[in-house]
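Notes follow once the structure below has been shown.
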Amino acid sequence: MLIDTHCHLADTRLSDTVDTLLANARAAGVCRWIVPTARCEEWPRLSLLANTHAGIQPAYGIHPWYCAQPTPDQRTWLKHLSTAVAVGECGLDLGAQGPPLTRQLEVFRHQLALARQLDLPVIIHAHKALDLVLKELRKIPVQGVIHAFAGSSQQAEQCLKLGLKLGIGMRIRQRRALRWRETVRALPLHALLLETDAPDGLPHAQNEPARLLDVARELAMLRHMDTSALIDACNHNARQLFRL
Ligand SMILES: [Zn+2]
């Protein structure tokens, strides 16, 4: 059994296909899904999915790309987070798609404060902004995962010092990312989480949670491990972080 620790099943792009995707995932042994949200427009759909499909574990948050819009009031946040396994997806993005950094920081800090207040882990997006994210986490320490970890070995070390997990996804299939693969190979087993980031994560196709086994196999091969031992360890890490 595998746990996809990051897939956007409440994304509107999947609204017509989610049942098929879940059936495909189950057939591939992926039976539990941590589902973060990028925008608060997805929240009602996610709570419906979580109430009607066993194995869907919701996380509510606002992704940095969408933080320019007004954010929900505190009551709405608390109502949704009362059923959540995490706050997220939240974070910082210094690529072209992010709104001004001051606004990103404001919305990210609010979500970190909520996570701390409610004792929930955070699911973090850090694109070209990992050092800045770590700086914020030193001020507001919380448990969490750096989703789609793409950093250096020095950055990995800083993440580990803060007790963070590192999400490994489809990037593991890029055999040419030599230095990054070497970093991932050397990470301690207790830090690893498996994720697809579906429907994103593949350059030219729609991704889906059934592909998680590809990630597990490739990561196990890189680390010279048995795939089922790797999956067991990553499941243990996911259960511990999200208290499943
Ligand atoms: Zn995501």
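Under the working numbering, residues 190 to 433 are what the sequence shown spells out, in order.
Glycine included, every Cβ here is placed at the ideal spot set by N, Cα and C.
Just so we're clear, the structure is a prediction, and the values are computed from it rather than from any experiment.
If residue i sits next to residue j, beta carbons under 8 Å apart, how far is it from one beta carbon to the other, in whole angstroms?
i, j, result
"H195", "A227", "In fact, because the Cβ distance is near 11 Å, the residues do not count as touching under 8 Å."
"M359", "L382", "Between L382 and M359 the Cβ distance is about 14 Å, and since that is not below 8 Å, they are no contact."
"V276", "L309", "5 Å"
"R362", "E407", "6 Å"
"N213", "A399", "4 Å"
"G250", "Q300", "6 Å"
"D205", "T385", "Not confirmed; about 19 Å, so no contact."
Relative to ligand 1, is the shortest distance from any of its heavy atoms to the C-beta of residue i smaller than 7 Å?
i, result
"H336", "yes"
"E397", "no"
"E278", "yes"
"P253", "no"
"H197", "yes"
"D208", "no"
"H316", "no"
"P225", "yes"
"D386", "yes"
I'd like to know if residue i contacts chain D, where contact means its C-beta is closer than 8 Å to some C-beta of that chain.
i, result
"R432", "Checking the listed chains, one finds no chain D in this structure; it contains a single protein chain."
Cβ of residue i within 8 Å of Cβ of residue j?
i, j, result
"L191", "L402", "yes"
"A257", "E231", "no"
"A239", "P247", "yes"
Let me know if residue i comes out buried or exposed under the rule of 16 or more other beta-carbons within 10 Å of its beta-carbon.
i, result
"S417", "exposed"
"K354", "buried"
"E278", "buried"
"P289", "exposed"
"E346", "exposed"
"P434", "Given that the chain is displayed from residue 190 to residue 433, the structure contains no residue 434 and the question cannot be resolved."
"S236", "buried"
"D282", "buried"
"T291", "exposed"
"H314", "buried"
Worksheet item: What runs of the beta strand (DSSP E), each 3 residues or longer, lie entirely inside the stretch 213–265?
Response: Listed in chain order, the complete beta strand (DSSP E) runs (minimum 3 residues) inside the stretch 213–265 are 219–224 and 245–249.
Worksheet entry | Every unbroken beta strand (DSSP E) inside the stretch 279–327 [3 residues or more] | Counting whole runs of 3 or more residues, the stretch 279–327 contains the beta strand (DSSP E) stretches 311–316.
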